[in-house]
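The structure appears right after this line, and notes come after that.
Numbering (UniProt numbering), first residue to last: 1 to 174.
Here it is, written out as structure tokens:
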């Protein structure tokens, strides 16, 4: 199994207790729908399989997990901060109508005043809103993904049209 044949779901964030239980932090949105009987941890740039003994999903994008043959805190401690992957064939199917802000990564941003700004390189979720990061000729520009600012989204052409507040683009051009 290589990284190309798998997809990233999160990382081991810390140990819990003395019997090898660990906390898995998910960076994959639909973590509740993942089929996890075996996961792959990146150890020394190689993916190593770990069979799940028990897993308890939590509401805060985490799970408490124990692996077979990891029955002591010392064995678990060695796995902290390791990236966790699943094989590509375990990727959950998504409804084509299920559109998310993170799907905008790679879209071209066109402002009604300033024209073409650049491509969205990242979308982050903050407590109040989602924020897009745009590569504007090598500079990073950020703007909120608010219904008030989005004029239209063309999924086929991968274009998002926006009306950004006056002065926002100028801040990043300086």
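Ideal Cβ placement from N, Cα and C applies to all residues, glycine included.
Note that this is a predicted model, so its numbers are computed, not measured.
### Inside the segment 20-46 only - alpha helix (DSSP H) runs reaching at least 4 residues
The segment 20-46 contains no whole alpha helix (DSSP H) run of 4 or more residues.
#### Entry: Cβ-based neighbour list, residue 13, same chain, cut-off 6 Å, excluding 5 preceding and 5 following
Working through the chain shown from its first residue, we reach residue 13 at position 13. The residues are 23, 25.
### the segment 129-138 touching the segment 87-94, judged by at least three CB pairs closer than 8 Å
Counting C-beta pairs with one atom in each stretch, the segment 129-138 and the segment 87-94 have fewer than three that are closer than 8 Å, which means they do not touch.
### Message
Can you give me the C-alpha to C-alpha distance between residue 123 and residue 18, rounded to a whole angstrom?
### Response
Counted from its first residue, the chain shown places residue 123 at position 123. Counted from its first residue, the chain shown places residue 18 at position 18. Distance between the alpha carbons of residue 123 and residue 18: 38 Å.
### Task
Specify the secondary structure class of residue 113 as computed by DSSP and reduced to three states.
What you label residue 113 is simply residue 113 of the chain shown in a count that begins at 1. DSSP, read as helix, strand or coil, puts residue 113 in coil.
### Task
Just mark residue 34 as buried or exposed, buried being the case when its beta carbon has 16 or more other beta carbons within 10 Å.
Indexing the chain shown from 1 puts residue 34 at position 34. Classification for residue 34: buried.
### Inter-stretch contact (C-beta, 8 Å, three-pair minimum) for the segment 111-122 and the segment 26-46
At 8 Å Cβ cutoff, the stretches do not touch.
#### Entry: Under 8 Å between C-beta atoms of residue 161 and residue 151
Counting from one through the chain shown, the residue named residue 161 turns up at place 161. Counting from one through the chain shown, the residue named residue 151 turns up at place 151. Taking 8 Å as the Cβ cut-off, residue 161 and residue 151 qualify as a contacting pair.
#### Entry: DSSP-derived helix/strand/coil call for residue 58
Within the chain shown, numbered from 1, the residue matching residue 58 stands at position 58. Coil.
### Task
Determine the DSSP secondary structure at residue 173, reduced to helix, strand or coil.
Translated into the one-based positions of the chain shown, residue 173 becomes position 173. Here residue 173 sits in helix by DSSP.
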